[in-house]
Amino acid sequence: MKVSISHACLWATVASAASTPTKAKRANKARAASLPTVTVRGNAFFAGDNRFYIKGLDYQPGGSSAAIDPIANAEGCMRDVEKFKELGINTIRVYTVDNSPDVDHDPCMNALADAGIYLALDVNTPLYSLNRNEPAGSYNDAYLQNVFATVSKFAGYSNTLLFFSGNEVINADNNTNNAPYIKATTRDIKSYLAQQDLRRIPVGYSAADVSSNRYDTATYMNCGTDDQRSDFFAFNDYSWCDPSSYTVSGWDQKVATYSNYSIPLFLSEFGCITNTRAFGEIPSLYSANMTPVYSGGLVYEYSEEGNGYGLVNIRGNSVQETADFRALREAYANLEMPTGDGGYKQDLPKSQCPSASSTWEVHDFEGDDLPAIPDKAVQYLDDGAGDGAGLNGPGSQWDVAGASDSTASAGSGSGGGASGGGSSSGGDNGSDDGGSGNAAGALRTPVGLLVGALIVGVGMVVGGGL
0 MKVSISHACL WATVASAAST PTKAKRANKA RAASLPTVTV RGNAFFAGDN RFYIKGLDYQ
60 PGGSSAAIDP IANAEGCMRD VEKFKELGIN TIRVYTVDNS PDVDHDPCMN ALADAGIYLA
120 LDVNTPLYSL NRNEPAGSYN DAYLQNVFAT VSKFAGYSNT LLFFSGNEVI NADNNTNNAP
180 YIKATTRDIK SYLAQQDLRR IPVGYSAADV SSNRYDTATY MNCGTDDQRS DFFAFNDYSW
240 CDPSSYTVSG WDQKVATYSN YSIPLFLSEF GCITNTRAFG EIPSLYSANM TPVYSGGLVY
300 EYSEEGNGYG LVNIRGNSVQ ETADFRALRE AYANLEMPTG DGGYKQDLPK SQCPSASSTW
360 EVHDFEGDDL PAIPDKAVQY LDDGAGDGAG LNGPGSQWDV AGASDSTASA GSGSGGGASG
420 GGSSSGGDNG SDDGGSGNAA GALRTPVGLL VGALIVGVGM VVGGGL
């Protein structure tokens with residue numbers, strides 16, 4: 000979903016040169032190492048030999064329009080970790096972080112690890128992201144340098160669960176031409192992790208739940224060679240509005256659709272607010288009906304940001320619980336988590352690349368062809384990204400001179416799967432109205448000022464919402 004925000008004066012300028020690359024830092028995160036790293040096996044996540052289900056929250060206090068890094072706010076993080084423990088979650092999603100070299104994320108990441116909580120991290124910021132109206136020009140070396148700097152900053156933590164290469168960039172049929180650039184970004188992050196000898200953290204995409212292109216997006220992200228393919232696929236789903244059920248919501252149909260999907264699938268946002276939230280979808284999400292296909296999900300969202308989705312109200316260092324917080328706490332407390340492997344599948348085939356069509360506009364890159372990594376960005380794969388630009392950098396939106404100017408064939412990347420060694424197997428309303436009739440799309444203003452940000456003069460239109 001996207002929203003328009005007027006600013007008195009907002010211009011994105013282009014950096015004249017990226018940071019001097021240096022080999023990625025590999026600080027020893029001793030306390031964070033208390034959690035086992037999560038890898039991909041077939042269509043599921045595993046922590047060691049145990050199936051791992053995402054049971055968590057989307058977390059961006061202040062909202063993404065404020066561009067505040069919650070992981071850098073040690074005091075706020077410690078405060079909120081106590082609430083996370085009350086809920087019994089194991090994962091938070093953060094949409095924007097500050098990758099400046101002097102920003103310290105250790106206190107928060109260690110506090111999360113001590114509480115048994117992993118981080119699912121979006122690698123983009125409002126100023127460093129793909130422009131969904133001009134993806135070719137915004138897929139450039141300045142953009143990738145900043146993305147790689149974020150990856151370097153968080154790859155050393157064992158409780159970094161995964162990286163999102165984008166959020167709801169595609170939100171209509173007429174901007175599906177962004178798909179090759181999103182997929183190229185995923186490929187490049189995987190190559191960076193491999194060539195910098197960093198942990199093979201899973202990399203994938205968080206999609207809008209648009210019925211006309213959701214399945215094409217999922218299959219596209221899972222087709223081609225292992226270096227190109229996502230390690231997981233997620234989508235934001237508000238189709239279950241209480242009171243509802245597995246069948247009334249249409250979730251049974253989605254399970255059937257993805258029953259042979261060969262990589263982990265989960266909900267990167269859920270929690271309709273059309274009616275009183277009882278979180279009735281949670282028992283279904285972790286039931287035997289869904290665990291052979293789904294690996295859990297993330298409730299939207301922790302703090303109230305003026306959109307009605309918040310579980311708590313934050314006033315200074317005080318946190319006030321809402322009725323939704325109490326309802327979610329009860330839902331999680333009563334949840335019987337799956338045992339065993341949940342019926343996951345190990346050897347499903349990868350997807351076939353969807354053909355270009357009127358609802359899948361990838362005509363410039365047929366099959367498994369992708370944009371080549373920009374020439375100036377190749378050096379970062381070998382030498383490291385250097386320092387990140389932080390949240391106040393000049394931006395990458397219009398650095399057309401540093402954009403990709405050629406096509407790369409399948410297998411050109413150096414990253415494989417995130418299985419711990421080998422390759423892994425197998426409109427403005429971003430949330431599709433379906434099932435019991437979801438009106439959440441008209442109300443929701445999601446957090447992700449992420450891939451897809453468009454800065455034009457004094458207006459700003461962002462992919463992923465606020």
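If you read the sequence shown in numbering that gives the first Met the number 0, its first letter stands for residue 0, the second for the next number, and so on.
Every residue gets a Cβ at the ideal spot worked out from N, C-alpha and C, and that includes glycine.
Predicted, not measured: the structure shown is a model, and the values here were computed from it.
Check W479 in the structure and name its three-state DSSP category. Lying outside 0 to 465, the shown extent of the chain, residue 479 is not represented and no answer is given.
Apply the 10 Å Cβ neighbour rule to W10 and answer buried if 16 or more other Cβ atoms are within range, or exposed otherwise. Per-residue confidence for W10 stands at a pLDDT of 29, beneath the threshold of 50, marking its modelled position as unreliable; the derived number appears in the next sentence. Label assigned to W10: exposed.
Let me check one thing: in DSSP terms, what residues is K54 bridge-paired to? Partner(s): G296.
Quick one: give me the first and last residue of the beta strand (DSSP E) that A119 is part of. Its beta strand (DSSP E) spans residues Y117 to D121.
Residue span of the alpha helix (DSSP H) that contains N42, given as start and end: Neither: N42 is in no alpha helix (DSSP H) and is coded neither H nor E.
How far does the beta strand (DSSP E) with A206 in it extend, from its first residue to its last? Boundaries of the beta strand (DSSP E) around A206: V202 to A207.
What's the C-alpha gap between G279 and S243? Taking the Cα positions, G279 is about 7 Å away from S243.
So, is D226 buried or exposed, given that buried needs 16 or more other C-beta atoms within 10 angstroms? Per the 10 Å Cβ criterion, buried.
Given that a residue counts as buried once 16 or more other Cβ atoms are within 10 Å of its Cβ, and exposed if not, what is G155? Buried.
T256, buried or exposed, once every other Cβ within 10 Å from all chains shown has been counted against 16: Exposed, since its Cβ has fewer than 16 Cβ neighbours within 10 Å.
Outcome for T159 when other beta-carbon atoms lying within 10 angstroms are tallied against a minimum of 16: For T159, the number of other beta carbons within 10 angstroms of its own is at least 16, and it is reported as buried.
Note down, in chain order, each residue of its chain lying with its Cβ closer than 6 Å to the Cβ of Y127, except the 5 sequence neighbours on either side. Y142, N145 and S395, listed in sequence order.
Measuring alpha carbon to alpha carbon, tell me which of T185, W359, V80 and K253 ends up nearest F123. According to the sequence displayed, residue 123 carries Asn and not Phe. For N123, the closest C-alpha among the options T185, W359, V80 and K253 is that of T185.
Endpoints, beta strand (DSSP E) assigned at I70: Run containing I70: none; DSSP gives neither H nor E here.
Mind pulling the alpha helix (DSSP H) runs of 4 or more residues that sit fully within the stretch 218–270? If we require 4 residues or more, the alpha helix (DSSP H) runs fully inside the stretch 218–270 come out as 250–256.
S248 vs S238 beta-carbon contact at 7 Å: Cβ distance < 7 Å, so S248 and S238 count as in contact.
Can you give the Cα-Cα distance for L347 and Y191, rounded to whole angstroms? Put simply, the backbone Cα of L347 is about 27 Å away from that of Y191.
Quick check: the Cα distance between S267 and Q378, rounded to an integer number of angstroms? Taking the Cα positions, S267 is about 32 Å away from Q378.
7 Å CB neighbourhood of T90 in its chain, flanking five on each side removed: Excluding residues within five positions, the ones whose Cβ falls inside 7 Å are I53, K54, G55, I116, Y117, A119, L160 and L297.
Reduced DSSP secondary structure (H/G/I, E/B, other) of L470: Look at the range of the chain in this structure, 0 to 465, and you will see that residue 470 is not part of it.
Determine, using beta-carbon pairs with one atom in the stretch 333–346 and one in the stretch 100–112, whether at least three such pairs fall under 8 Å. Flag = no, the stretch 333–346 and the stretch 100–112 do not touch.
Using 7 Å as the threshold, is the C-beta distance between K182 and L369 below it? At a Cβ-Cβ threshold of 7 Å, K182 and L369 count as neighbours.
Bridge partners - R92, DSSP secondary structure assignment: Its beta-bridge partners are D57 and A119.
So does the stretch 197–205 actually touch the stretch 163–172, counting three or more Cβ pairs closer than 8 Å? Pairwise C-beta distances place the stretch 197–205 in contact with the stretch 163–172, as three or more of them are shorter than 8 Å.
First through last residue of the beta strand (DSSP E) which encompasses E335: Premise fails: E335 is in no beta strand (DSSP E) and is neither H nor E.
Leaving out five residues on either side along the sequence, give the residues of the same chain with a beta carbon under 6 Å from the beta carbon of T21. Residue confidence for T21 is low, a pLDDT of 48 falling below 50, so the modelled location carries little weight and cannot support an answer.
Would C240 and T275 be called neighbours here (beta carbons separated by less than 7 Å)? At least 7 Å separates the beta-carbon of C240 from that of T275.
Any Cβ of chain C within less than 7 Å of the Cβ of F278? Absence of chain C from the displayed structure is noted, only one protein chain being present.
Just checking my contact of T36 with V96 at CB under 8 Å: how many whole Å lie between their CB atoms? Not really, about 20 Å apart at Cβ, beyond 8 Å.
Look at the Cβ atom of K349, then the Cβ atom of S294, and state whether they are nearer than 7 Å. Their beta carbons are not under 7 Å apart, which means K349 does not touch S294 by this criterion.
Residue span of the alpha helix (DSSP H) that contains S190, given as start and end: Here the alpha helix (DSSP H) through S190 covers A178 to Q194.
Which residues in the same chain have their Cβ closer than 6 Å to the Cβ of N174, if we skip the five residues on either side of it in sequence? Hits under 6 Å: R131.
Out of E74, A217, N177 and P393, state which residue places its alpha-carbon closest to the alpha-carbon of E360. Of the candidates E74, A217, N177 and P393, the one whose C-alpha sits nearest the C-alpha of E360 is N177.
Helix, strand or coil, according to DSSP, for P370 in the structure here? Per DSSP, reduced to three states, the secondary structure at P370 is strand.
Where are the alpha helix (DSSP H) runs, 4 residues long or more, that stay fully inside the stretch 132–180, in chain order? Within the stretch 132–180, the complete alpha helix (DSSP H) runs of at least 4 residues fall at 134–137 and 140–153.
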